[in-house]
Every structure is written in C-alpha cells, then in structure tokens.
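Protein chains in written order, with the working numbering: chain A, 1 to 626; chain B, 627 to 1152.
Encoded as structure tokens, the structure appears first; notes follow it.
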Amino acid sequence: MLDLTWLLIAVPLASSAFLLLGGKRLDPWGHWVGVAASGTAFLVGLVALIQMLGLDSHDRAHAVHLFSWIPGGELNLDAGLLVDPLSMTFVMLVTFVGTLIHLYSVAYMEHDPSRRRFFAYLNLFVAAMLLLVLADSYLLLFVGWEGVGLASYLLIGFWNHKPEYATAANKAFVVNRIGDMGLIIAMGLMFTYFGALDFDSVFAAAEGASTAQLTAIGLALLVAACGKSAQFPLQSWLGDAMAGPTPVSALIHAATMVTAGVYLIVRSAPIYEGAPAAQTTVAAIGAFTLILGALIGMAKDDIKKALAASTMSQIGYMVLAAGLGPIGYAFAIFHLVTHGFFKAGMFLGAGSVMHGMNDQVDMRRFGALRTAMVTTWVTFGLGWLAILGVPPFSGFWSKDKIIEAAFVGEGAQPWILGGAALIGAGLTAFYMSRLFFMTFHGKARWTDDQHPHESPALMTVPMIILAVGSAFLGLFLAMGDRFTMWLEPVTGHAEHHEPVLPVAVIMIATLALVALGVWAAWRKYGVADVPELAPAASLATIAARNDMFQDSVNRGVFERPGTHLTRTLVYADAALVDSAVDKTAGGWARTGESVRKTQNGQVRSYALTMLVGLVIVILVVVQGGL
Amino acid sequence: MSFVTPEIAWAPLAPLIIVLGAAAAGILVESFVRAPERRRVAQLTLALAALLAAFGTAVVQWAMLDGAGTVVLADMVTIDRQALAWQVLILVFGVLGTLLFASRTRAGEEAFTPLGSVAPGSTEETLARRKGFQVTEVFPLALFAVGGMMLFTAVTDLIFLFVALEVFSLPLYILVALARRRRFLSHEGALKYFLLGAFSSAILLFGAAFLYGATGTTAYSGIAAGLTSATGLDPLILAGAVMVIVGLMFKIGAVPFHSWTPDAYQGAPTPVTAFMGAATKAAATAALIRVVYEALYALEWELSLLFWIVAIASMLLGTVVALVQTDLKRMLAYSSIAHAGFILVAFAGFPDGALSALPFYLASYGLATMGAFAVISQVREKAEDGTVLGEATRLGQWAGLGKRSPLLAGAMALFLLSFAGIPLTAGFVGKFVAFAAAISSGAWPLVLIAVIASAAAAFFYVRLIVLMFLTDVPEGQEDAIEIEFSPYARTVVILTAVAVVLLGIVPGPVLSVFENAGVLLLGAAG
Chain A
1 MLDLTWLLIA VPLASSAFLL LGGKRLDPWG HWVGVAASGT AFLVGLVALI QMLGLDSHDR
61 AHAVHLFSWI PGGELNLDAG LLVDPLSMTF VMLVTFVGTL IHLYSVAYME HDPSRRRFFA
121 YLNLFVAAML LLVLADSYLL LFVGWEGVGL ASYLLIGFWN HKPEYATAAN KAFVVNRIGD
181 MGLIIAMGLM FTYFGALDFD SVFAAAEGAS TAQLTAIGLA LLVAACGKSA QFPLQSWLGD
241 AMAGPTPVSA LIHAATMVTA GVYLIVRSAP IYEGAPAAQT TVAAIGAFTL ILGALIGMAK
301 DDIKKALAAS TMSQIGYMVL AAGLGPIGYA FAIFHLVTHG FFKAGMFLGA GSVMHGMNDQ
361 VDMRRFGALR TAMVTTWVTF GLGWLAILGV PPFSGFWSKD KIIEAAFVGE GAQPWILGGA
421 ALIGAGLTAF YMSRLFFMTF HGKARWTDDQ HPHESPALMT VPMIILAVGS AFLGLFLAMG
481 DRFTMWLEPV TGHAEHHEPV LPVAVIMIAT LALVALGVWA AWRKYGVADV PELAPAASLA
541 TIAARNDMFQ DSVNRGVFER PGTHLTRTLV YADAALVDSA VDKTAGGWAR TGESVRKTQN
601 GQVRSYALTM LVGLVIVILV VVQGGL
Chain B
627 MSFVTPEIAW APLAPLIIVL GAAAAGILVE SFVRAPERRR VAQLTLALAA LLAAFGTAVV
687 QWAMLDGAGT VVLADMVTID RQALAWQVLI LVFGVLGTLL FASRTRAGEE AFTPLGSVAP
747 GSTEETLARR KGFQVTEVFP LALFAVGGMM LFTAVTDLIF LFVALEVFSL PLYILVALAR
807 RRRFLSHEGA LKYFLLGAFS SAILLFGAAF LYGATGTTAY SGIAAGLTSA TGLDPLILAG
867 AVMVIVGLMF KIGAVPFHSW TPDAYQGAPT PVTAFMGAAT KAAATAALIR VVYEALYALE
927 WELSLLFWIV AIASMLLGTV VALVQTDLKR MLAYSSIAHA GFILVAFAGF PDGALSALPF
987 YLASYGLATM GAFAVISQVR EKAEDGTVLG EATRLGQWAG LGKRSPLLAG AMALFLLSFA
1047 GIPLTAGFVG KFVAFAAAIS SGAWPLVLIA VIASAAAAFF YVRLIVLMFL TDVPEGQEDA
1107 IEIEFSPYAR TVVILTAVAV VLLGIVPGPV LSVFENAGVL LLGAAG
C-alpha cells in the first residue's frame, strides 16, 4: 500500500477535475463525489498507516519513485514521494479532518448555487496539500505549496461577487507570493551550494556546508514559512481570509494549510541544525507572533477573526517549538495535530452559530446561545478547554510541553521565550474565554429576526467527532510518549534537558495564569453585561482591534514607497532606456540612409566599390600574413 | 608529349548528365515544337522530369556511395557526400524554381516577357504580347543553370571552377533580363549583374593565375600540397587566394562585392529572383567550401582576417540598409546580404562543423527565400478598372494582407520568422548550427556580432509581419490589391512552409544526413 500512496494525491485531483469539467449536470450529486474522493484518500492513508505501524521504526521512511521529472544537465530531479512518520501524520490529519469538513460542507453549502465548484476546489486543496507533505524534494513540495495557495485564493474569494472578498483573496495571494519568493530563493541557494533539490541530497550535503550557507537557506525558508503560516511580518492576510466560507476557514486557514510553514521548518531540520542563528530567529518570530496574535484576539468582536487571531497565535507556539531544535520538533507537530482538531472543531462550531444566526459574526449580538444550540455549545466548549490547556484535554499535553521546552537553554533566551509562551497561555485563556462567554453565555443580544436553532446532523456529527478528538487525542498520543517515539525517526532523538525552572513550577504557573485569564473573562463577559456596540477604548485596544495597524504599516512601509519606486522606474524607463533604444534605432536608420546613398545605381561606382574592397582586403591579408 | 585520355567515372556524373542533357534537348524542343502552348507544356514536363530523375539518381548515388566518394575526372571533379548533398539541395531548388517559372496569373500572364529580343514598349512587343508569344527558353536556361551549379559544387580544379561558374552564370544573366513588367528595371539589373559578374570572373581568373604561378598547378590538391611545401609565404599566393575567394564571395553576395544584389533581385522576374537567391548562394557556398577546405586550408590563419572583415561588413551593411528599404524585393535583397555574412561566420577559423552546418543553413535559408518570393509573386497591384498589374512590392501595399489572404500572409510571416532565426523555424536551427561551428573554432566575437545583427534584423522582418496582420488596409485601398491564384506558386508556398516548420521542429533527420555529408574526399595530393 505504501507504493500506492500516489493515489492519495491522484484521487482528489481527478475528482476535482471531474467536478470542474463535468458541468451543471453534476450539480445534484457532485458534492458526494468530492466527499468520496476525500474519504478514499483517508482510507488509503489509513491502510498505509497501519502498514507503516507494522514496520520497525527505522524502516518507516519509504520512498516512492514516480517518474523522471527534470532530467537536466546539472539538475536531475525525479518526482517522488517520501512516506515517513512525519508526512503520514499530515496525511492522516488532512484526510481525516478534511473528510469531516467535506461532510459538514454538504449541509453548510446546501443553498449555494456553486456547491459543486466549492467541492472541486476543496478536493484540489486536499490533493495539493498531500502533494506538499508527501513530496520528496523541495521543488515538488513547491508545486504543492503553490497548489494550496491557489486553492486558498480560490476559496477565500469564493463569494467574489462581493468586492471586499475578492480583495481579501488578492491580499492573501499577494502576501503569499512574498513567502513563495523565499522558498524560490531557498531553492536557488540549495541548487547553487549543493546542486540538488531533493531532500536526501540536500540534507546529506548540509552536513558539510558552512554555517553561513545554511543560515541563508534557513532564513529564506523562514520567509516562506512566515508567508504560508501567517507569522510576523507576513501575518496580515489571515484575518481577511476569513471572507471565505467557514468550512474553508476551518480546513485551510486553521487546521492544515497554515501549518505548512511549520512542516517546512521541521522537514528542513538538518538545515536548521547547522544554522543556530536562523533557528533562534525562527523561535523569536514564533514567540513574537504568539503574543501578537493573542493581543489581537483579545479585541476582536468578529468571531471568525478572533479565531483567526488565535490560529496565528497558536501557530506561533508551533513555530517557537520548531525553532527550539530537536527538543521542540515533535511537540511542534504534536501541537499542530491537536490544534488541527480543536481549532477546526471550533471553526465548525462558529459556522454552526452563523448558520443559526443568519450569518451574523459579531459576538456582541450573540450571547446565551448555550440553550439554543446545545450540541454546538458542548462541542465548542471541549475545544475551548483544549486550547486553554486544561488537563486532561488535548491542548494541555501539547502546549504545556512547548512551554516547558521554551524554558530550556542558557542565558536570557529561555527566560524570554519561556516567558512569552507562559504569558501567551494566560492571554489565550482570556481571549478564548471572552469569545466563549460572549457567544454562549450572558444575556441574549440577538437582533429581532434571529431565531437561533441547532444545525442539522450533517454538521453536528463532524463537530462531535472533532470534539472527541479535542478532548482525548492529546492524552492518547501523549501516553507513553507515543507520538514523540513515532516521530523520532524523522526529528531525531532529543536529549533530555532540564528547563531553567522546575517542571512543576512551570506547570503550576501556566495553570494559574490560565485560571486568571478565565476568571477575568468571566467577570467582564460572563457576569457583566456586554454592550451591543463596541465601547470607546484605550489606545492599546484600538490598536488590537485594527490588527496592530498591520495594514497601515504595510501601506506606509511597503506600498507607498513601492508605488513611488515603480513610478520613478517607469519614468526612468521612458526617459533613459526607451529614449536610448529609440535613439540607437534612429541612429541605425540614419546610418542606413547614408549607406544607402552608396547604392547610387551607377554600375561604374559599383565596380569601383568592388575594386577598392578587393584592394583593401588583399592589402590587409598580405600585411597580416607576412 | 602524348595526350593521355583521362579516366572518367560516368556513373557518379549521371545526375549532372541528365540535367544538362535535358537542357540541350530543351533547345531542340524550342526549335521543333511550334505552338507556344504545346511547347510550354513540353518544356515544363521535360524540365521537371529531368530534375526529378536527377534527384532520384543523386539519392541512389548517395545510398550506393562507397566510402567517402569517387574522383570522377582525375583531379578535376570529385563526387563525394558533400557534393551530393549540395546537388540534391540545388535540385530541390531547381524543382521549386521550375514550378514558379511555370506559374501564371488568372489572366494567363506569365512572369516573363513574350519576346526578349525587342525593345521595351515597342510595337513589336505589343504585337508579340497580343499573339501570345512565350519565352519558353527559360526552362532550358534554368536547367543549364542548375547543371552548372551542380558541377560547381563538385569541381576540384580552378579552371573547371571557372567553367562551371560561367555555365550557371550566363543563363542567369539572361533570365534576369526577361521580366514581363518594368522591363527597363529588368534590363538594368541584368546588365549590372552581367558587368559586375564579368568583373568578378576576371578577378577569380586573375587569382587562379597567381595560384598557378605560385604552385604550378590548378588542381586543389596540388595547390594544397604546394602551400604546405612552400617555404615562407609569397604575397602572390595570398593575393591569388584572396582573389579566388572574392570571386566566389561575389556570387554569395557579400559586402563589398554585393552591389549587384539589390538591382538584380528587384529587376529580375520574381521566380528568377527566388531561384537565384536560393540556388546561387548554395552553389557558391559549396564551391567556397571546396576551395577553402581542399586548396587553401593551410592559409587558415591569414585568410581568417578576410572572412572576419567580409562577414562583419556584410552583416552590418545588409541589416542596416535593409532597415530603410521601402521595396519588399530590395529589402529581401539586403537581407540576403546579411545572410551572406551569417554564412561566412561559419567559415571563421575553418571549423569541421561548417561542412555539415552550411548545407543545413543554406537549405533553411533557400527554402524560406523561395517561399517568400513565391508569396510576393502572388500579391498584385490592381488598376481602378480591375485589370491586374505587376507585383505590389511597396511595403505599404502589404498592409492588412493578413485579412486579404491569411494563407499567404501566414506563410510569409513564417518565412520572415525563419529569416530572423526565431525558434521552431528552420532558420533558427540553421543559425544555431552555423554559429555553433564558428564558436567551436573560437570565433565567438564574430558570433556575438552575428547575434546582435540577427536581433537588429528581426526589426524589419517583424515590421512586415506587423504590417500584414496588425495594420488595417488603408482607406480607399481596399480594391488596390489582387491576390493571384496560381496552383504552382501555391504549391511552392505550401511545400516550403511545411519544410520550414518541419526543419524547425524535427531537424534531427536532415541534420544527421548533413552530418554524413560533412566529410570531404580530399584529392590525392600530388
């Protein structure tokens, strides 16, 4: 079955093409083809997983050769798949969560006239994402990388009849291009330094490469990861990406695609091993983004945007862990998996709320929904407990380990990184509780025409399954270090290091901060009345509401100077380059005109030309030859 | 002293004998078949049959050729794969040219004057036209030219070189003078061509005399041996070598021996321009290869200066002056001068690769040339009363041709792109192999200039494409142009267009044939 893993990519891709090309006659049942394709991919992945579990842990990396892709002179690259525990983890996450979200979408998109197209794009995304994680070379990974970018663009702008949604799609695309450029530069550097792009050769060559080379590659890869995973400073697109249908936000912009950056960093571990500076930068970016996202999340009233800020913050945790080296890799991926479950579950819950509230997203108009939507409340609540890191729910097992690992090290670094992770946990508890209480508790602040009701079973069943995962998956995978052992062939064995603070102290401090955050949120949003309009607020809150002015910064720092630069260049192009070209051309024409005059029609002057020419060449040759 | 009859291997000469024999037979047809229309049919049939038979024979020769080739006539004529490749190429041009010679307008008007021996505009001319006279001698004349060119590619002796040169040049002088319209222009072009051709023949003979004086022989092998054994270089040898080469460069049309080209190209009947442009260049290149590689190879270092100067001058002048031309045939004439420069680039440093690159280059160039002039022959001016006049060769008249005739305009665009050396056309592959040969001998600065010249030349080729497709027919000019329909000319256009595309996309088979042709049978050095 491991050799048939190409089916994982081929089936959804074929289904996507089928749905796109099939036309309107597929409308009544086409979405079930999409669900079946995703489900088939899951089953293939499951069989492959079972087979892989039966192998000795050292034999679990399996290479699948597909075809000779680029047989060039200096670059010979085959297209192939690398099936190992890391890629298999993603395969299971993507196909399992993906299939649930496909199911959910059948009901969620029921009244949308373009449901078939929606499923075609979802399938395209699944195929591209699986190609991304299964590729055995950076170049093939890049194909998947661009594929998920395309699917993300298409789905954010799915309702592109609204101009601001189309703009959001464009924004996501443009910001992602910056990240893509980082990946392209990284590949260029790899080709220059190592002459190869496949993982095996690059990682083998990385051992003998200089620190400077590896740092350059590592930083370029980090730019790519920041773009795809919405990390500072390329985070601005994620909030706007919530313009897409909510299942898209759940699958692409919470559970899977946005974690591709974390995958890229963990996959490139051998490169970062030789580049401590790049590694520290990764951790610093992660720590900064996790605080930034949490602060933004505290001020958002739009439920989806608050969740998006939370996603940014949680991925910050993963990037931080990935930047810690071997002690963090496994926990980065572990948190990625648990986050995939509870965040997808909460997004689906948010979708369910919107479904019952006429697509309202303003949490100030929610409240007291726990009675109207019991299933949504319970499933969302389990996700909430998980993200808070309350034991024994999933998030506790993964996030707590990251905080612990962040405290490992020497000098000021563990205090800064660990402190950020610790404070982040408290902030997370506050903003997630705020979201939860504003939505499900307190007084009802519904508008008159809203009659909240529970969603149909097609929507609640996936939510329930994800909630079960949010509750128990972490415990299941953490027992006996199951997950770290599983990933060990890829991430390497991590030496045990003692944090600068005792583990118990860290754990108690974390839980105390979490409790503090929940208590503060309960006081302000659970007990007290929540105003229906956002009240006037301090400068800090306004900044957070405006995503820390990221768009203004981007506009002032990049867009304006960029516009001026292009204008200047256009002017210079016209004044210097064009006129130089025109003048040269004019010069040629004038030369032509004057030479043309020698062709005067007089045969005697022609003969004279020949004679003079002959004499000249004879003289030249005789002079030169003797 | 007794005269020894030379051994002659007749079989390898078969293609040549067929062509020249048919030419002689054509003269008899001229005398005995009285009715002009029947005579025309007979001449056309004879010419095509002879050319195709010669083509078949040459192909059989190629297949049966043992080893490198055969010395046919002592040291004078050699039939090797190189010669056969060129002969086949010239025969292809001959067949296409004959088809163009036979093409007529819808009104039954030919490209040639009804009576060559009368003054333009005289009453005799009017009478001849009314009586339906035809100059059917053009077919035997073309056959003589083809025969001479075929011989030209195989001669290995300076005397015989001169004989072959005159055999193919004299019919061409006459053909150039036979245009039906603009007869003064035609006469002027022919006279200039003849005078300058005579001048260049004299230069070639002069050079041959010098070489004979220095080495005591006119055979290439003897000259080569003489050059290697000579102690110190005699200015006479160098001057002689340069003059012989210059005589051949005249036929190729390289600067500063190019002056005849624009006038002859413009004045000649378009079918003759097509044939001459393609075949003369090929034959002269073939002869130049033999002279340079078999006789003068020892002077490589000294002569490279000559090739560099002439190649650069040809590329620059051809390109620059073509930029400002307003007449299509003159523009293509200057383009042919630039191409002469590109051909000479391949000679720089005398690389082995040139022996296989040049036949391909000339094949691609010749096919596109024949196709382009075939298109020109089909685009006619039309008077206000609807009578079709001569060819519309002013550039402006081609505006909007893409709408009038997509087939002709599309084919023309293809030929122009091939001239410019755009990939996926034969011209690109031709330039590529020719320049690669030059680079292999280290002449990269020359190739650099050649590439720049190609880029500049693309301007006037593309300008015509823009004119044909992106410019509208000028107001009031809608009825000023008539697209003629001659099955012969259309056949040539389509065949050459297909060939240009095929050679551009799958050049492999033809390249490998020419690869085999890239070996010269060196005569036994005396």
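Built from N, CA and C at the ideal position, the CB exists for glycine as well.
Open item on the list: Let me check one thing: in DSSP terms, what residues is His62(A) bridge-paired to?
Closed with: One-based indexing of the first sequence puts residue 62(A) at position 62. Beta-bridge pairing links His62(A) to Val83(A).
- Test: Val603(A) CB closer than 8 angstroms to a CB of chain B: In the first sequence, counting from the first residue as 1, residue 603(A) sits at position 603. Taking Cβ atoms only, chain B reaches closer than 8 angstroms to Val603(A), which makes this a yes.
Exercise for the section: Kindly say whether Ser961(B), judged by its beta-carbon, lies nearer than 8 angstroms to any beta-carbon of chain A. Expected result: Your numbering for residue 961(B) matches position 335 in the second sequence. Cβ-Cβ to chain A under 8 angstroms: no for Ser961(B).
For Asp706(B) and Leu988(B), which I take to be in contact (beta-carbon distance under 8 angstroms), what is that distance rounded to the nearest angstrom? Locating residue 706(B) in the second sequence gives position 80, where the first residue counts as 1. Locating residue 988(B) in the second sequence gives position 362, where the first residue counts as 1. Actually they are not in contact, since the Cβ atoms of Asp706(B) and Leu988(B) sit about 17 angstroms apart, beyond 8 angstroms.
From Leu219(A) to Arg370(A), what distance separates their C-alpha atoms?
-> Taking the first residue of the first sequence as 1, we reach residue 219(A) at position 219. Taking the first residue of the first sequence as 1, we reach residue 370(A) at position 370. Each residue's alpha carbon lies about 46 angstroms from the other.
By the DSSP assignment, the beta strand (DSSP E) with Val1014(B) in it spans what residues? Taking the first residue of the second sequence as 1, we reach residue 1014(B) at position 388. Counting along the chain, the beta strand (DSSP E) containing Val1014(B) begins and ends at Val1014 to Glu1017.
Would you please state the rounded distance, in angstroms, between the beta carbons of Leu722(B) and Thr1122(B)? I believe it to be under 8 angstroms.
Here residue 722(B) refers to the residue found at position 96 of the second sequence. Here residue 1122(B) refers to the residue found at position 496 of the second sequence. Taking 8 angstroms as the upper bound for CB-CB distance, Leu722(B) and Thr1122(B) are in contact here, some 7 angstroms apart.
Please list the terminal residues of the continuous alpha helix (DSSP H) segment that includes Ile291(A).
Taking the first sequence and counting its residues from 1, the one referred to as residue 291(A) is at position 291. Start and end: Pro276 to Ala299.
>> Which residue marks the beginning of the alpha helix (DSSP H) containing Asp449(A), and which one marks its end?
In response: In the first sequence, residue 449(A) corresponds to position 449, counting from 1. The continuous stretches of alpha helix (DSSP H) do not include Asp449(A), and DSSP gives it neither H nor E.
- Query: Quick one: what's Asn76(A) bridged to in DSSP?
  - Reply: In the first sequence, residue 76(A) corresponds to position 76, counting from 1. Asn76(A) pairs with Pro71(A).
**Prompt:** Which residue spans inside the stretch 124 to 158 of chain A form an unbroken alpha helix (DSSP H) run of at least 4?
**Reply:** If we require 4 residues or more, the alpha helix (DSSP H) runs fully inside the stretch 124 to 158 of chain A come out as 138 to 156.
- Task: Drop a sphere of 10 angstroms on the beta-carbon of Trp636(B), count the other beta-carbons inside from all chains shown, and report buried for 16 or more, exposed for fewer.
- Result: As a working note, residue 636(B) is residue 10 in the second sequence. With fewer than 16 Cβ atoms within 10 Å of its Cβ, Trp636(B) is classed as exposed.
* To the nearest angstrom, report how far apart Ala1084(B) and Lys162(A) are at their CA atoms. => Within the second sequence, the letter at position 458 stands for residue 1084(B). Within the first sequence, the letter at position 162 stands for residue 162(A). Pairing Ala1084(B) with Lys162(A), the inter-Cα distance amounts to about 47 angstroms.
Length-filtered (3 minimum) beta strand (DSSP E) runs lying within the stretch 754 to 829 of chain B = Assignment of beta strand (DSSP E) within the stretch 754 to 829 of chain B, counting only whole runs of 3 or more residues, yields no such run.
So Ala287(A) and Ala421(A) are supposed to be a Cβ contact under 8 angstroms. How far apart are they, rounded? Position 287 of the first sequence, counted from the start, is the residue given in the question as residue 287(A). Position 421 of the first sequence, counted from the start, is the residue given in the question as residue 421(A). Contact flag correct, Cβ pair sits at about 7 angstroms.
* To do: Run the CB neighbour count on Tyr263(A), radius 10 Å, all protein chains shown included, and call it buried at 16 or more, exposed below.
  => Start at 1 with the first residue of the first sequence, and residue 263(A) comes out as number 263. Counting other Cβ atoms within 10 Å of its Cβ, Tyr263(A) reaches 16 or more and is therefore classed as buried.
Subject >> Cross-chain neighbours of Lys818(B) in chain A, by beta carbon under 8 angstroms >> reply: Residue numbering aside, residue 818(B) sits at position 192 when the second sequence is read from its first letter. Result: Val603 and Tyr606.
Per-residue burial, Glu532(A) [other beta carbons within 10 Å of its own, 16 or more giving buried]: Stepping through the first sequence from its first residue, residue 532(A) is reached at position 532. That one is exposed.
I'd like the list of long-range same chain contacts for Ala700(B), defined as Cβ closer than 6 angstroms, with 5 residues on each side in sequence excluded. Taking the second sequence and counting its residues from 1, the one referred to as residue 700(B) is at position 74. Cβ-Cβ distances below 6 angstroms link Ala700(B) to Pro632 in the same chain, with the five nearest sequence neighbours on each side left out; the list follows chain order.
contact_flag[the stretch 767 to 781 of chain B, the stretch 792 to 808 of chain B] where n(CB pairs < 8 angstroms) is 3 or more
Contact holds between the stretch 767 to 781 of chain B and the stretch 792 to 808 of chain B, because three or more Cβ pairs, one in each stretch, are under 8 angstroms apart.
query = What residues are listed by DSSP as bridge partners for Val1005(B)?
reply = Within the second sequence, numbered from 1, the residue matching residue 1005(B) stands at position 379. According to DSSP, Val1005(B) bridges with Ile1109(B).
Helix, strand or coil for Val703(B)? Go by DSSP, reduced to three states.
Position 77 of the second sequence holds residue 703(B). Strand at Val703(B).
Partner residues on chain A for Phe825(B), Cβ-Cβ distance less than 7 angstroms | Within the second sequence, the letter at position 199 stands for residue 825(B). For Phe825(B), the neighbours in chain A by C-beta distance under 7 angstroms run, in chain order, Ala607 and Met610.
From Val1055(B) to Ala974(B), what does the alpha carbon distance come to, in whole angstroms? The residue given as residue 1055(B) occupies position 429 in the second sequence. The residue given as residue 974(B) occupies position 348 in the second sequence. Cα-Cα distance, rounded: 19 angstroms.
Suppose contacts are defined by Cβ-Cβ distances below 8 angstroms. Is Gly884(B) in contact with Ile935(B) by that definition?
Sequence index remark: in the second sequence, residue 884(B) carries index 258 (1-based). Sequence index remark: in the second sequence, residue 935(B) carries index 309 (1-based). Reading off the sequence shown, one finds His at residue 884(B), where the question assumed Gly. With contacts defined as CB atoms closer than 8 angstroms, His884(B) and Ile935(B) fail to qualify as a contacting pair.
Under 7 angstroms: does the beta carbon of Pro561(A) sit that close to some heavy atom of the ligand FAD?
Only the bare structure without any ligand can be found here, which leaves the ligand FAD out of the picture.
| Does DSSP classify Val1145(B) as helix, strand or coil? | What you label residue 1145(B) is simply residue 519 of the second sequence in a count that begins at 1. DSSP places Val1145(B) in coil when its eight states are reduced to three.
Would you say Gly592(A) faces chain B, with C-beta separation under 8 angstroms as the test? Locating residue 592(A) in the first sequence gives position 592, counting from the first residue. Yes, because at least one Cβ of chain B sits closer than 8 angstroms to the Cβ of Gly592(A).
Below 9 angstroms between beta carbons is the criterion; list the residues of the stretch 1077 to 1101 of chain B that meet it against any residue of chain A, in chain order. Ala1082 and Phe1085: these are the residues of the stretch 1077 to 1101 of chain B whose beta carbon lies less than 9 angstroms from some beta carbon of chain A, given in chain order.
- Item | Short CB-CB distance (under 8 angstroms) between Lys613(A) and chain B | Sequence index remark: in the first sequence, residue 613(A) carries index 613 (1-based). Sequence check: residue 613(A) is Gly here, not Lys. Contact of Gly613(A) with chain B is assigned, a C-beta pair being separated by under 8 angstroms.
Nearest-angstrom Cα distance between Leu814(B) and Ala905(B)?
-> Locating residue 814(B) in the second sequence gives position 188, counting from the first residue. Locating residue 905(B) in the second sequence gives position 279, counting from the first residue. It is Glu, not Leu, that sits at residue 814(B) in the sequence shown. If I take the Cα positions, the gap works out to 22 angstroms.
Taking a Cβ distance cut-off of 9 angstroms, strictly less, list which residues of the stretch 481 to 506 of chain A are near chain B, in chain order. From the stretch 481 to 506 of chain A, no residue has a Cβ closer than 9 angstroms to chain B.
Quiz prompt | Extent of the continuous alpha helix (DSSP H) run through Thr627(A) | solution = The displayed coordinates of chain A run from 1 to 626. Any statement about residue 627(A) would go beyond what the structure contains.
| query | Taking the alpha-carbon positions, what's the Leu678(B) to Leu717(B) distance? | reply | What you label residue 678(B) is simply residue 52 of the second sequence in a count that begins at 1. What you label residue 717(B) is simply residue 91 of the second sequence in a count that begins at 1. Going by the C-alpha atoms only, they are around 8 angstroms apart.
- Message: Using only the alpha-carbon positions, how far apart do Gly244(A) and Trp519(A) sit?
- Response: Taking the first sequence and counting its residues from 1, one reaches residue 244(A) at position 244. Taking the first sequence and counting its residues from 1, one reaches residue 519(A) at position 519. About 33 angstroms.
Check whether chain B comes within 8 angstroms of Gln599(A), counting only Cβ atoms and requiring the distance to be less than that. On the first sequence, position 599 is the one that residue 599(A) refers to. So yes, Gln599(A) belongs to the interface.
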